[in-house]
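Residue numbers (our numbering): 1 to 67. Report on the structure given below.
As structure tokens, then:
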């Protein structure tokens, strides 16, 4: 179960068009939520790619069956 997030106030410049696109894609109600969700997803994807990099070549061909 993930820990509750601790929020810290930050101030930065963001491309308004990119923020609108991210907000729409994520279904976020606010700009702040769009930024938070985007940052969380980037961190999750980095963990995933690190896992993929570390587990490369450890599965044998044909070891995973598909229905």
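A virtual CB, placed ideally from N, CA and C, is assigned to each residue, including glycine. Model, not experiment: these values are computed from the prediction.
Backbone CA spacing between residue i and residue j [nearest angstrom]
i, j, result
"residue 62", "residue 20", "44 Å"
CB contact check: residue i to chain D, cutoff 7 Å
i, result
"residue 52", "Among the chains in the structure shown there is no chain D, since it carries only a single protein chain."
Burial state of residue i, where buried means 16 or more other Cβ atoms lie within 10 Å
i, result
"residue 34", "buried"
Near the ligand NAP: residue i beta-carbon under 6 Å from a heavy atom
i, result
"residue 9", "Among the components of this structure there are no ligands whatsoever, and the ligand NAP is therefore not found."
query: Whole alpha helix (DSSP H) runs in the stretch 16-51 with 4 or more residues, listed along the chain?
result: The alpha helix (DSSP H) runs lying completely inside the stretch 16-51 and spanning 4 residues or more are 16-26, given in chain order.
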